[in-house]
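Written below as structure tokens is the structure these notes are about.
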Amino acid sequence: MLAQDNTMKLRLRTALFVCGSLSFCAICLTLSRLPTLHDRKSSFLPNSDTRQIGVYDDNGEFPHIFTFRKRLNKSNYSSDNISPEMAKRALEIKSLANDTNEDMKYQSDSVNQEVVHETHQVHKMLNSQESHEKNLEFNFSSSTVDLMLNKLQTSNGLKFNFEKTRLVSYTNFLKLQTHRFRRKGMGLPIYENYNGGPQLTHWERFHKGIHKYGLYDGLDPAVDGILDDIATQQIVDVEQKEGGTQLKLIMTFQDEGQALFKPMRGPRDQETLPDHFYFVDFERHNSEIAAFHLDRILAFHRVPPTVGRHINLTGEIKRLGDTNLRKTFFLSPANNVCFHGSCSYYCDTSHAVCGRPVLLEASLAAFLPPERIAPRKTWRNPWKRSYSKHRKAYWESFSDLCERVQEKEPYHSGRRLLDVIDMHVFDFLTGNMDRHHYETFADFGNETFLLHLDNGRGFGRSDHDEISILSPLFQCCMIRHSTFIKLVKLYLGPEHLSSLMRQSMSRDPVTPVLVEKHLNALDRRVIRVLKTIAECMESVDYTDVIVDDFF
Numbered sequence: 341m342l343a344q345d346n347t348m349k350l351r352l353r354t355a356l357f358v359c360g361s362l363s364f365c366a367i368c369l370t371l372s373r374l375p376t377l378h379d380r381k382s383s384f385l386p387n388s389d390t391r392q393i394g395v396y397d398d399n400g401e402f403p404h405i406f407t408f409r410k411r412l413n414k415s416n417y418s419s420d421n422i423s424p425e426m427a428k429r430a431l432e433i434k435s436l437a438n439d440t441n442e443d444m445k446y447q448s449d450s451v452n453q454e455v456v457h458e459t460h461q462v463h464k465m466l467n468s469q470e471s472h473e474k475n476l477e478f479n480f481s482s483s484t485v486d487l488m489l490n491k492l493q494t495s496n497g498l499k500f501n502f503e504k505t506r507l508v509s510y511t512n513f514l515k516l517q518t519h520r521f522r523r524k525g526m527g528l529p530i531y532e533n534y535n536g537g538p539q540l541t542h543w544e545r546f547h548k549g550i551h552k553y554g555l556y557d558g559l560d561p562a563v564d565g566i567l568d569d570i571a572t573q574q575i576v577d578v579e580q581k582e583g584g585t586q587l588k589l590i591m592t593f594q595d596e597g598q599a600l601f602k603p604m605r606g607p608r609d610q611e612t613l614p615d616h617f618y619f620v621d622f623e624r625h626n627s628e629i630a631a632f633h634l635d636r637i638l639a640f641h642r643v644p645p646t647v648g649r650h651i652n653l654t655g656e657i658k659r660l661g662d663t664n665l666r667k668t669f670f671l672s673p674a675n676n677v678c679f680h681g682s683c684s685y686y687c688d689t690s691h692a693v694c695g696r697p698v699l700l701e702a703s704l705a706a707f708l709p710p711e712r713i714a715p716r717k718t719w720r721n722p723w724k725r726s727y728s729k730h731r732k733a734y735w736e737s738f739s740d741l742c743e744r745v746q747e748k749e750p751y752h753s754g755r756r757l758l759d760v761i762d763m764h765v766f767d768f769l770t771g772n773m774d775r776h777h778y779e780t781f782a783d784f785g786n787e788t789f790l791l792h793l794d795n796g797r798g799f800g801r802s803d804h805d806e807i808s809i810l811s812p813l814f815q816c817c818m819i820r821h822s823t824f825i826k827l828v829k830l831y832l833g834p835e836h837l838s839s840l841m842r843q844s845m846s847r848d849p850v851t852p853v854l855v856e857k858h859l860n861a862l863d864r865r866v867i868r869v870l871k872t873i874a875e876c877m878e879s880v881d882y883t884d885v886i887v888d889d890f891f
């Protein structure tokens with residue numbers, strides 16, 4: 341009985357083995373007739389290496405296929421052809437074209453005549469604008485401003501004797517105002533007992549002359565001396581300045597003085613495009629130079645001395661720069677020497693600066709004393725812009741920011757709020773919207789002047805006056821008395837701001853610093869500031885609008 345059971349088990353195992361072998365052979369035969377994995381990949385994405393784009397993993401599976409398809413089908417608005425808005429607009433245009441086929445055919449036939457006519461119109465408009473710009477200086481008046489000045493003179497003839505002001509030159513006028521307002525405060529403590537040897541250099545005199553109420557005095561000869569030194573002295577060292585969105589270099593001269601280099605990015609008459617935001621605009625070297633001269637004319641003395649110079653890119657930058665800087669030099673297709681340096685945004689081949697063929701125009705601003713010996717404090721501008729394409733700052737939507745600011749230190753007392761308003765009047769004249777922060781010397785405390793640094797985004801549009809820059813003025817409805825009467829003097833003449841700027845900048849090595857349309861814009865903006873003050877006086881007494889703090 342036991343032998344019979346063993347025989348049955350052996351037969352059963354044999355039958356199962358035969359069935360399994362037959363099944364295995366059938367499966368192998370079927371698989372041999374199917375396309376290989378490589379063939380399946382090739383049929384899915386012909387002529388492509390799917391492993392490199394992440395469709396298949398190392399095991400031959402394709403877990404990311406849906407992600408790949410989603411990426412292909414996703415509209416990222418990078419093309420006008422696939423954006424929903426443009427697709428809708430295309431259907432509207434197609435429908436319009438079908439309805440007005442004959443009209444469009446006529447337009448196509450007459451396009452040359454229209455272009456010629458439009459060209460004549462543009463030339464006519466430009467000629468008219470040029471004629472207007474030339475005659476603007478002779479039509480320098482505003483009935484609103486004249487009415488305000490008459491009321492002030494009638495109310496207080498001793499304080500606002502504009503007829504007497506009209507008779508003196510601007511230089512003599514400034515001397516009178518300097519005698520009344522400007523006073524010299526304490527200097528930087530580090531220079532209190534500093535003699536500098538038998539003969540001080542101009543930059544040492546400039547640093548030693550910095551005091552609580554200004555970077556320099558109006559008649560200080562060290563200012564003109566340092567301008568000459570920066571424009572002519574031999575450059576002995578070049579290094580890139582860290583931080584910032586655009587190229588800046590630190591240049592050291594043979595007398596150990598230093599200056600900040602900003603290159604020429606475009607021709608004088610190239611203006612900011614209307615669709616460009618202020619924070620993507622190029623910094624202009626001539627704006628830095630012009631800002632210094634404007635600051636000097638207004639007797640603010642808050643912008644470091646700045647001058648233009650022609651730099652030899654090969655002999656004065658590449659030769660003296662470090663390895664990283666030299667690597668960014670190249671020869672352009674036009675055989676001009678170019679380089680781009682290193683920075684956050686605009687330091688690549690497409691944003692390189694180029695010489696003609698090796699000389700490059702640039703601005704050089706005198707360095708302030710090192711922060712380790714003259715520390716500075718950085719303050720956030722209350723009227724800082726949002727730097728966003730989609731949202732606005734608080735003050736752009738609400739008009740009560742000034743009330744909030746006046747409740748906080750250091751704006752609740754002292755000179756700080758009037759200094760901020762001065763700064764915005766200055767920026768309005770130049771058209772600079774990029775005043776997000778400002779600095780002060782820490783040694784002078786809060787009762788000191790504001791440094792007006794980084795003025796490269798001014799003078800971008802000559803035909804546009806950005807009124808929002810004056811928000812502190814018309815939201816607070818106050819202005820410093822000395823600033824107000826300077827603007828009035830520039831309005832009354834006989835020397836207007838454009839002519840004073842033209843005369844002052846004529847001595848710069850890269851003159852003309854500004855083209856005429858930007859000079860004429862300065863005169864127009866002086867009127868606009870005074871009109872804003874006149875509008876404030878319609879609802880606020882002039883004694884509250886024009887604040888005399890003896891600065």
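Counting with the numbering used here, you get residues 341 to 891 for the letters of the sequence shown. Even for Gly, the Cβ is constructed at its ideal location relative to N, Cα and C. None of these values were measured; they are calculated from a predicted model.
When you compare each of the options to residue i by their alpha carbons, which one comes out closest?
i      : options                           : result
Asp737 : Lys724, Glu749, Leu555 and Glu787 : For the sequence presented, residue 737 should be read as Ser rather than Asp. For Ser737, the nearest C-alpha among the options comes from Lys724.
Ala674 : Asn535, His625 and Val693         : Val693
Leu700 : Lys826, Phe707, Arg712 and His680 : His680
Leu708 : Gly785, Trp719 and Glu596         : Glu596
Gln517 : Ser481, Met526, Asp557 and Glu544 : Asp557
Pro710 : Ser703, Gln598, His804 and His641 : Gln598
His650 : Ile886, Val698 and Glu878         : Val698
Asp569 : Glu623, Leu840, Thr592 and Leu741 : Thr592
Ser335 : Phe670, Lys515, Leu487 and Gln539 : Because the chain is modelled from 341 through 891, residue 335 falls outside the range shown and cannot be assessed.
Ile807 : Tyr831, Ile825 and Phe766         : Phe766
Tyr778 : Thr770, Leu769, Gly771 and Ile761 : Ile761
Glu283 : Asp577, Leu837 and Thr883         : One cannot answer for residue 283 here, as it falls past the ends of the chain, which runs 341 to 891.
Pro645 : Ser684, Ser844, Leu862 and Tyr882 : Ser844
His792 : Asn772, Leu665 and Asp783         : Asn772
Thr788 : Met526, Gly833, Ala571 and Leu489 : Met526
Lys729 : Gly785, Arg716, Leu769 and Phe617 : Phe617
Trp719 : Val880, Ala782, Asp615 and Lys602 : Ala782
Leu665 : Leu587, Thr780 and Asn533         : Leu587
Gly648 : Ala705, Leu489 and Leu769         : Ala705
Asn721 : Arg775, Asn676 and Val677         : Arg775
Consult DSSP for residue i and reduce its assignment to one of helix, strand or coil.
i      : result
His776 : coil
Ala706 : strand
Asp889 : coil
His625 : helix
Phe814 : helix
Arg820 : strand
Phe670 : strand
Gly800 : coil
Leu793 : coil
Phe513 : helix
Phe617 : coil
Val485 : helix
Cys683 : coil
Val693 : strand
Thr541 : coil
Trp723 : coil
Glu656 : helix
Asn490 : helix
Since residue i is in the beta strand (DSSP E), which residue starts that stretch and which ends it?
i      : result
Gln325 : The question about residue 325 has no answer, for the chain in this structure spans 341 to 891.
His893 : No answer is possible for residue 893: it lies beyond the span of the chain, which begins at 341 and ends at 891.
Gln598 : Gln598 to Pro603
Cys742 : Segment Leu741 to Val745 is the alpha helix (DSSP H) holding Cys742; no beta strand (DSSP E) there.
Arg716 : Arg716 to Arg720
Phe502 : No beta strand (DSSP E) holds Phe502; the alpha helix (DSSP H) holding it covers Phe502 to Leu507.
Could you spell out the range, first to last residue, of the alpha helix (DSSP H) harbouring residue i?
i      : result
Val869 : Glu856 to Met877
Met591 : That residue, Met591, is in no alpha helix (DSSP H); its beta strand (DSSP E) goes Leu589 to Phe593.
Phe640 : Careful: Phe640 lies outside any alpha helix (DSSP H) and carries neither H nor E.
Val563 : Pro561 to Thr572
Val677 : No alpha helix (DSSP H) contains Val677, which is instead part of the beta strand (DSSP E) from Val677 to Phe679.
Arg842 : Leu837 to Met845
Asn496 : Per DSSP, Asn496 belongs to no alpha helix (DSSP H) and is neither H nor E.
Tyr734 : Tyr734 to Ser737
Bridge partners of residue i, per DSSP?
i      : result
Glu701 : His650
His551 : Gly527 and Gly554
Val850 : Answer is none; Val850 lacks a bridge partner.
Phe781 : Arg716
Cβ contact (3+ pairs, closer than 8 Å) linking the segment 533-551 and the segment 621-629: Per the Cβ contact rule, the segment 533-551 is not in contact with the segment 621-629 (fewer than 3 Cβ pairs under 8 Å).
Three or more C-beta pairs below 8 Å linking the segment 863-871 and the segment 658-676: Because the criterion of three Cβ pairs below 8 Å is not met, the segment 863-871 and the segment 658-676 do not touch.
Cβ contact check for the segment 683-691 and the segment 741-757: 3 or more pairs under 8 Å: Not touching, per the Cβ criterion.
The segment 740-749 touching the segment 809-821, judged by at least three CB pairs closer than 8 Å: Cβ pair count under 8 Å is three or more, so yes.
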